[in-house]
Amino acid sequence: MSDVQREVFKRFFDNRSELISSYEAGDITKKEFLEHNYHFVRRLQLRPFVRITCFEKGLYNYQYYNGLAKYYRIMAKELKTNKNYKRNYNQYINKVNHYYDEKDKTVLDLISLLDFKDMDAYYIEMESKGLDNKLYEIVLNNYKEAILHSKSPTLLKTLKENGVFKEGKHQSKIAEYINERY
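Note that the working numbering has the sequence shown beginning at 94, numbered continuously upward.
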């Protein structure tokens, strides 16, 4: 990894930790967290990596795609009830789905890189009926603040095949954040 990449990752991870701390302290809402994260990643002007060769690249790609998906979901929600913007709404929803798909591919690459070791995955207890029994959490135990989420059936199958997925529902490590609407 080059010195430039190290510096970019340091800025990225420092910003991420600051946002998490601000959210946990109640200084920002989930929506503000997502918007700050989106704008920070955009300012970095660092595209996602084609190959995941280390944890940092994997988590960066996860945040990049997850941030874009959530940002476009916010944009779509703002247009949902306005019939004049139905086309824009559909375009945003297509982007949401695309970025979530890319995020799930990234998660698969990352957990494969880590050889499915030192991680736990399980369904999480949800307040949202739409996400209950669909959203699961993947905790990378050897990395600070490395808690990933997905609904992907393909990823779930891979987690089960590799003995990572625990049956039953568990409390999320970040339950307050997960259950807050935005």
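We put the CB at the ideal spot given by N, CA and C, even for glycine.
Same chain, Cβ closer than 6 Å to residue i, five either side skipped, listed in chain order
i      : result
Val134 : Tyr157, Gly160
Leu252 : Ala214, Phe258
Glu149 : Phe102
Leu172 : Tyr178, Asn181, Tyr182
Ile271 : Ser265
Ala169 : Tyr182, Tyr185, Ile186
Where the beta strand (DSSP E) containing residue i begins and where it ends
i      : result
Leu233 : 229-233
Ala214 : 212-217
Leu207 : No beta strand (DSSP E) holds Leu207; DSSP gives it neither H nor E.
Residues near residue i in its chain [Cβ-Cβ closer than 8 Å; skip 5 each side]
i      : result
Val143 : none
Leu127 : Gly160, Lys163, Tyr164, Ile167, Tyr275
Tyr153 : Phe102, Phe105, Leu139, Pro141, Phe142
Ser243 : Lys196, Asp197, Val200, Leu228, Tyr229, Ile231, Leu249
Tyr155 : Lys196, Thr199, Val200, Leu203, Leu241
Ile121 : Leu112, Ser115, His129
Under 8 Å between C-beta atoms of residue i and residue j
i      : j      : result
Leu137 : Phe105 : yes
Ala162 : Tyr192 : yes
Ile267 : Ile231 : no
Gly151 : Asp107 : no
Asp197 : Ser245 : yes
Glu238 : Arg99  : no
Asn255 : Phe209 : yes
Gln112 : His129 : Before going on, a small fix: residue 112 reads as Leu here, not Gln. Yes; because the gap between Cβ atoms is below 8 Å, this pair is in contact.
Where the alpha helix (DSSP H) containing residue i begins and where it ends
i      : result
Glu100 : 96-117
8 Å contact criterion, which residue i and residue j should meet: CB distance rounded
i      : j      : result
Glu218 : Lys179 : The Cβ separation is near 35 Å, so there is no contact.
Lys123 : Glu220 : Not really, about 13 Å apart at Cβ, beyond 8 Å.
Tyr229 : Leu249 : 7 Å
Asn234 : Asp211 : 5 Å
Those runs of the beta strand (DSSP E) which lie wholly inside the region 237-271 and span at least 3 residues
With a minimum length of 3 residues, the continuous beta strand (DSSP E) runs that stay inside the region 237-271 are 240-243, 258-263.
Quick check for students: name the residue ranges of the alpha helix (DSSP H) that lie wholly in the region 138-210, counting only runs of 4 or more.
148-172, 179-206
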